[in-house]
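Colleague: So that we are looking at the same thing, I have put the structure below in structure tokens.
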């Protein structure tokens, strides 16, 4: 999978801010992707109007034949990418909780378990409760990572946008 495919689910899951899309387009051009909208997007400033950036991004994906996934698929990609990030040591348990969107829907038993455990995190969780929560989240992440149809190459998303 390439960075534009990754960005498509991240865009729908609302974890990639519009100001990052022009640089993403520039990198995609360097990677050998090309379309009129992609070139125009790559030429925009991070400070360009967010609506203009979004429109060009969606148009570029369309021109390149990269479909935007539906919200459920994007949310499932987010869950799986967080699980893989935790199992690979790229994310901490708190990092998973910080990147989790509460609008994510789970389809499988493993996705539901991972989402449920991750959602239990709170900044007020006691120091005596934290290790047990972290262990439970790691166990749920391993279970999801080994059972999913999505591959480990989804990439780790940035922090959730508020």
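Numbering (the UniProt record's numbering), first residue to last: 1 to 162. C-beta: ideal position from N, C-alpha, C; glycine also.
1. So what's residue 67 in DSSP terms, helix, strand or just coil?
2. Which stretch, first to last residue, makes up the alpha helix (DSSP H) that contains residue 13?
3. What did DSSP end up calling residue 45 once you bin it into helix, strand or coil?
4. Go ahead and pull the three-state DSSP assignment for residue 5.
5. Considering only the beta carbon of each residue, do residue 8 and residue 26 sit closer than 9 Å?
6. How about residue 45 and residue 17: are their beta carbons less than 9 Å apart?
7. Within its chain, find whatever has a CB closer than 7 Å to the CB of residue 125; leave out the 5 residues flanking it on each side and keep chain order.
8. Below 9 Å between beta carbons: does that hold for residue 80 and residue 68?
9. Are the CB atoms of residue 63 and residue 36 nearer to each other than 9 Å?
10. Specify the secondary structure class of residue 57 as computed by DSSP and reduced to three states.
11. Are the CB atoms of residue 91 and residue 15 nearer to each other than 9 Å?
12. If I measure Cβ to Cβ from residue 74 and keep anything under 6 Å in the same chain, skipping five residues before and after, which residues do I get?
13. So is residue 58 in contact with chain B if we call contact Cβ pairs under 9 Å?
Modeller: Looking at the coordinates:
1. coil
2. That residue, residue 13, is in no alpha helix (DSSP H); it is neither H nor E in DSSP.
3. Three-state result, residue 45: coil.
4. helix
5. no
6. no
7. 133
8. no
9. Cβ atoms of residue 63 and residue 36: closer than 9 Å.
10. helix
11. A distance of 9 Å or more separates the beta carbons of residue 91 and residue 15.
12. 9, 12 and 13
13. Of the protein chains in the structure, only one exists, and it is not chain B.
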